[in-house]
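Under my numbering, residues 243 to 749 are what the sequence shown spells out, in order. Where a beta carbon is used, it is the ideal one built from N, C-alpha and C, also for glycine.
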Amino acid sequence: MSDPQAIWKELTLLDKPKLASLFEEKGRVEDWSQALDLPGGRIRFDWSKTHLDDAHGEAFAKLAKAMGFADKRRALFAGEVVNPTEERAAEHTAERGHGADEAVALADALHMRMRGLVEAIHAGAFGEVKHLIHVGIGGSALGPALALDALARDDAKVDVHVVSNVDGNALKAAFKACDPGTTMLAIASKTFTTIETMTNAQSVLDWMGEGGVSDPQGRVVALTANPEAALDWGVDETRILPFSDTVGGRYSVWSSIGFPVALALGWEGFAAMLEGAGAMDAHFREVDGLENLPLRAAFADLYYTHLRGSQTRAVFAYDERLRLLPDYLQQLEMESNGKRVTAEGKPVHGPTAPITWGGTGTDAQHAVFQLLHQGTHLVPVDFIASIAPGHDLDPAHHEILLMNCFAQGAALMAGKESDDEDLGGARAYPGDRPSATILCDALNPATLGALIAFHEHRTFASAVLLGINPFDQFGVELGKQIARAMEEDEGDFDASTSALLDAAGLG
Ligand SMILES: O=P(O)(O)OC[C@H]1O[C@H](O)[C@H](O)[C@@H](O)[C@@H]1O
243 MSDPQAIWKE
253 LTLLDKPKLA
263 SLFEEKGRVE
273 DWSQALDLPG
283 GRIRFDWSKT
293 HLDDAHGEAF
303 AKLAKAMGFA
313 DKRRALFAGE
323 VVNPTEERAA
333 EHTAERGHGA
343 DEAVALADAL
353 HMRMRGLVEA
363 IHAGAFGEVK
373 HLIHVGIGGS
383 ALGPALALDA
393 LARDDAKVDV
403 HVVSNVDGNA
413 LKAAFKACDP
423 GTTMLAIASK
433 TFTTIETMTN
443 AQSVLDWMGE
453 GGVSDPQGRV
463 VALTANPEAA
473 LDWGVDETRI
483 LPFSDTVGGR
493 YSVWSSIGFP
503 VALALGWEGF
513 AAMLEGAGAM
523 DAHFREVDGL
533 ENLPLRAAFA
543 DLYYTHLRGS
553 QTRAVFAYDE
563 RLRLLPDYLQ
573 QLEMESNGKR
583 VTAEGKPVHG
593 PTAPITWGGT
603 GTDAQHAVFQ
613 LLHQGTHLVP
623 VDFIASIAPG
633 HDLDPAHHEI
643 LLMNCFAQGA
653 ALMAGKESDD
663 EDLGGARAYP
673 GDRPSATILC
683 DALNPATLGA
693 LIAFHEHRTF
703 ASAVLLGINP
713 FDQFGVELGK
723 QIARAMEEDE
733 GDFDASTSAL
743 LDAAGLG
């Protein structure tokens, strides 16, 4: 059978087992969790507390076949056009050594150029550099911000401030923390046209000038796939770090957009991130069927959206260093798969990306977990944690953190009958609520790289199963066009919008 609709029908007819009954079978944990030995240590992927059973696994494997998963995966790594609306390849994996030969060679050469500049700055070629203000937005900010917050808390070689919002309050906070005389500016923008980034970049130059820096332009580095625009903006060629147009914004932390990460960690740290991601590429590329962890995760994601009506998926990092991971995954997953038509432009069957949301444990337990345990929404949850604490405080901190993480997954699954006759349902936990747990030996550049790449491939696998193109993002354009029309004092707006403009003195 190769008709995807027929397979979906088959999936809807399968039994909907309770989690508790799945655990009555021997080998549930062995069958549905797996550990990968990666350069930075082992990562365990435990999907056993999801409702997938063997029958679902088989049916989803058939769906993958019917949707041409193996060939689409091959095309991704071969650098073929996998983004048909923009007629482009998606070659982020080439940055990690997995791709078409020419793309890998180009990525290597551009990394060498980037390394040269990073090491020159460390060696003092620009005088004393204590701070870097990195201006960029969306994919040009979220990856660097996540990696820096996760990995550069101690001993950063340069103190980096990632500023994305055009709201001047964001830049003011960075100015407060930096001294203009020892600050460099990185302008990160794939297109080098994004208004928020260019506005922030100009204000940093002005601040440097006002702070007594004689040649602010001489302290600018451009990270872009549009080097001509950076040249036009006045950036010297030697400080332009290009990357390939075939690397999408939300997949670009591996390219020169990762410059601030390399500057803070040193080249070896950045290279280890690439290596960890490359190891996940090798797994995704070489392993077939349910053993392929990103594909297995995509099966579970589609199971919940299509067969259980889940509209959201939550991710809770039980690790302060990963507090920005939910923000990062929101862009990766929602901008990639928040689509309503197939790659051929036809209406898509069923829901596409769930709304990704989340937070940090244990904080979130005291704020939003009430809804997860007793609310009316079914929210599949991902827990992410590291066995090594990453700090040298009393081990009690980490024991409490990890035990709480594991307790939440157990509680969601087990539930509990009401222990108070008078209060009845208010004190009952329905249970049978799914979660997955990703447990790293340690959080380090290589495991972070692998974690991010796991999610990239999970997103790609979902897109293949849904038949959509995850690599364009036309949905973000209309609002930008209208804002531009407002700036240029053109266009005819609805009465509500006109009244708001008038109220703000912008009409
Ligand atoms: O890197 P840039 O060209 O400045 O783009 C920054 C961001 O803005 C766009 O609107 C897209 O939604 C993002 O995918 C992109 O990462």
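Helix, strand or coil at residue i [DSSP, three-state]
{"i": "residue 399", "result": "coil"}
{"i": "residue 589", "result": "strand"}
{"i": "residue 369", "result": "strand"}
{"i": "residue 675", "result": "coil"}
{"i": "residue 497", "result": "coil"}
{"i": "residue 646", "result": "helix"}
{"i": "residue 662", "result": "coil"}
{"i": "residue 543", "result": "helix"}
{"i": "residue 379", "result": "coil"}
{"i": "residue 634", "result": "coil"}
{"i": "residue 724", "result": "helix"}
{"i": "residue 265", "result": "coil"}
{"i": "residue 233", "result": "Past the edges of the chain, shown from 243 to 749, lies residue 233, and the structure says nothing about it."}
{"i": "residue 738", "result": "helix"}
{"i": "residue 288", "result": "strand"}
{"i": "residue 278", "result": "strand"}
{"i": "residue 743", "result": "helix"}
{"i": "residue 627", "result": "strand"}
{"i": "residue 681", "result": "strand"}
{"i": "residue 651", "result": "helix"}
{"i": "residue 299", "result": "helix"}
{"i": "residue 283", "result": "strand"}
{"i": "residue 620", "result": "coil"}
{"i": "residue 532", "result": "helix"}
{"i": "residue 260", "result": "coil"}
{"i": "residue 733", "result": "coil"}
Rounded distance between the beta-carbons of residue j and residue i, thought under 8 Å
{"i": "residue 676", "j": "residue 268", "result": "So it is not a contact: roughly 20 Å between Cβ atoms."}
{"i": "residue 406", "j": "residue 379", "result": "4 Å"}
{"i": "residue 352", "j": "residue 512", "result": "Going by Cβ atoms, the distance from residue 352 to residue 512 rounds to 13 Å, so no, they are not a contact pair."}
{"i": "residue 710", "j": "residue 534", "result": "Going by Cβ atoms, the distance from residue 710 to residue 534 rounds to 19 Å, so no, they are not a contact pair."}
{"i": "residue 623", "j": "residue 614", "result": "6 Å"}
{"i": "residue 540", "j": "residue 703", "result": "4 Å"}
{"i": "residue 333", "j": "residue 345", "result": "5 Å"}
{"i": "residue 594", "j": "residue 708", "result": "6 Å"}
{"i": "residue 364", "j": "residue 403", "result": "With 8 Å as the limit, residue 364 and residue 403 do not qualify as a contact, their Cβ atoms being about 18 Å apart."}
{"i": "residue 284", "j": "residue 683", "result": "5 Å"}
Proximity test, residue i beta-carbon vs ligand 1 heavy atom, cut-off 7 Å
{"i": "residue 235", "result": "Coverage of the chain is limited to positions 243 through 749, which leaves residue 235 absent and any answer about it impossible."}
{"i": "residue 480", "result": "no"}
{"i": "residue 581", "result": "no"}
{"i": "residue 379", "result": "yes"}
{"i": "residue 366", "result": "no"}
{"i": "residue 587", "result": "no"}
{"i": "residue 431", "result": "yes"}
{"i": "residue 598", "result": "no"}
{"i": "residue 500", "result": "no"}
{"i": "residue 369", "result": "no"}
{"i": "residue 751", "result": "Outside the shown range of the chain (243 to 749) lies residue 751, about which nothing can therefore be said."}
{"i": "residue 436", "result": "yes"}
{"i": "residue 715", "result": "yes"}
{"i": "residue 400", "result": "no"}
{"i": "residue 491", "result": "yes"}
{"i": "residue 659", "result": "no"}
{"i": "residue 470", "result": "no"}
{"i": "residue 701", "result": "no"}
{"i": "residue 718", "result": "yes"}
{"i": "residue 577", "result": "yes"}
{"i": "residue 439", "result": "yes"}
{"i": "residue 486", "result": "no"}
{"i": "residue 497", "result": "no"}
{"i": "residue 738", "result": "no"}
{"i": "residue 445", "result": "no"}
{"i": "residue 382", "result": "yes"}
Contiguous alpha helix (DSSP H) assignments of at least 4 residues, all confined to the segment 458–488: List check, alpha helix (DSSP H) in window: 469–474.
4-residue-minimum alpha helix (DSSP H) runs that sit fully inside the segment 401–452, ordered along the chain: You should have 410–419 and 437–452.
Contained beta strand (DSSP E) runs [length at least 3] in the segment 549–614, N- to C-terminal order: The DSSP assignment places complete beta strand (DSSP E) segments of no fewer than 3 residues inside the segment 549–614 at 554–560 and 597–602, in order along the chain.
Segments of 3+ residues assigned as beta strand (DSSP E) that fall wholly inside the segment 693–721: Entirely contained in the segment 693–721, not one beta strand (DSSP E) run reaches 3 residues.
Uninterrupted alpha helix (DSSP H) stretches inside the segment 309–377 (no shorter than 4 residues): Here the runs fully enclosed are 311–320 and 343–364.
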